[in-house]
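Structure record follows, encoded as C-alpha cells.
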Amino acid sequence: MNSLRFIGHSLRLVVLLAMQVFVMHSLVLFDTGFCFIYLAFLLFLPIQMPPVFLLVLGFITGFTLDIFYDTGGIHAAATVFLAYLRPYILLLLTPRDGYDQNDSVNLHVMGWRWFLIYSFILIFLHHLTFFFLELAGFKLIGFTLSKVIVSTLFTGMVMIIIQLLFFSRRRSSR
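All residue numbers for the sequence shown refer to the working numbering, where the first residue is 2 and numbers rise by one.
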C-alpha cells in the first residue's frame with residue numbers, strides 16, 4: 002500500500018469514527034435500530050489486506066469506540082470478530098476470475114449483488130456479536146434479534162449511500 006492510499010484510509014478512519022461518536026451515537030430508529038457507520042472503514046479496506054493487519058485495525062477501531070462509549074471492550078470484540086471473518090467471506094464470494102490485485106470493496110466495481118451479500122453478512126454477524134455481548138447472554142432474545150435485524154438494515158443502507166456518494170465508479174489504478 003503506497004503512502005497516498007495509507008493517508009486516505011487513515012483519514013477515512015478518523016472521519017468515520019468522528020461521525021460515529023458525534024452524530025450516529027444519537028441517531029436511533031424506534032429505540033431499536035442503531036447505525037454503526039465506523040464499520041465502513043473495515044468493510045471498504047483493500048481486498049488483499051493482510052489478515053493480521055486487518056485484525057489489528059479491527060481492534061484499534063473497536064477499542065477507540067470503547068473509550069468514547071465506555072463499553073468495556075464490546076466494540077473491540079465485535080470488530081475483531083468482523084475482521085477475522087472478512088477474509089473468509091471474501092473467499093466465499095470470490096468471482097470466477099478472482100479479484101484484481103488493487104481492488105477495494107466498491108459497489109460500482111463489484112456490483113450490487115456482490116456488495117449487498119458481502120456487507121450484509123458481515124454487518125449482521127458484527128451486530129449479532131455486539132448486541133449479545135452487550136446483553137451478556139441470551140435473555141430477551143426476541144428483542145435483541147429485532148435490534149440486530151433493524152440495525153443491520155439501517156447500517157447497511159447508510160453504507161450503500163456512502164458508496165453511492167463518495168466512491169469512484171471506475172477501478173482505482175493506483
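Note that beta-carbon positions come from the ideal geometry of N, C-alpha and C, so glycine has one too.
Continuous alpha helix (DSSP H) stretch holding L44: start and end:
Taking the sequence shown and counting its residues from 1, one reaches residue 44 at position 43. Per DSSP, L44 belongs to the alpha helix (DSSP H) from 40-44.
Alpha-carbon spacing of L66 relative to P96, whole angstroms
The count along the sequence shown starts at 1 and reaches residue 66 at position 65. The count along the sequence shown starts at 1 and reaches residue 96 at position 95. So the two alpha carbons sit approximately 34 Å from each other.
Could you tell me the alpha carbon to alpha carbon distance between A79 and L117, rounded to whole angstroms?
For the purposes of this step, residue 79 is identified with residue 78 of the sequence shown, where counting begins at 1. For the purposes of this step, residue 117 is identified with residue 116 of the sequence shown, where counting begins at 1. Between the alpha carbons of A79 and L117 lies a gap of roughly 20 Å.
Could you check where the alpha helix (DSSP H) with G1 kicks off and where it finishes?
Here the chain has residues from 2 to 175 only, and residue 1 is not among them.
Going by the CB atoms, is the gap between S105 and L44 shorter than 8 Å?
The count along the sequence shown starts at 1 and reaches residue 44 at position 43. The count along the sequence shown starts at 1 and reaches residue 105 at position 104. In this structure, S105 does not lie closer than 8 Å to L44 by Cβ.
Between N107 and G157, what straight-line distance do the alpha-carbon atoms span, to the nearest angstrom?
The residue you call residue 107 lines up with position 106 of the sequence shown. The residue you call residue 157 lines up with position 156 of the sequence shown. Using only the alpha carbons, I get a separation of about 14 Å.
Looking at the structure shown, is L30 part of a helix, part of a strand, or coil, going by DSSP?
If you number the sequence shown from 1, residue 30 lands on position 29. Three-state DSSP puts L30 in a strand.
Residue interval of the alpha helix (DSSP H) (run including M20)
Against the sequence shown, residue 20 aligns to sequence position 19. From DSSP, the alpha helix (DSSP H) with M20 extends over 4-23.
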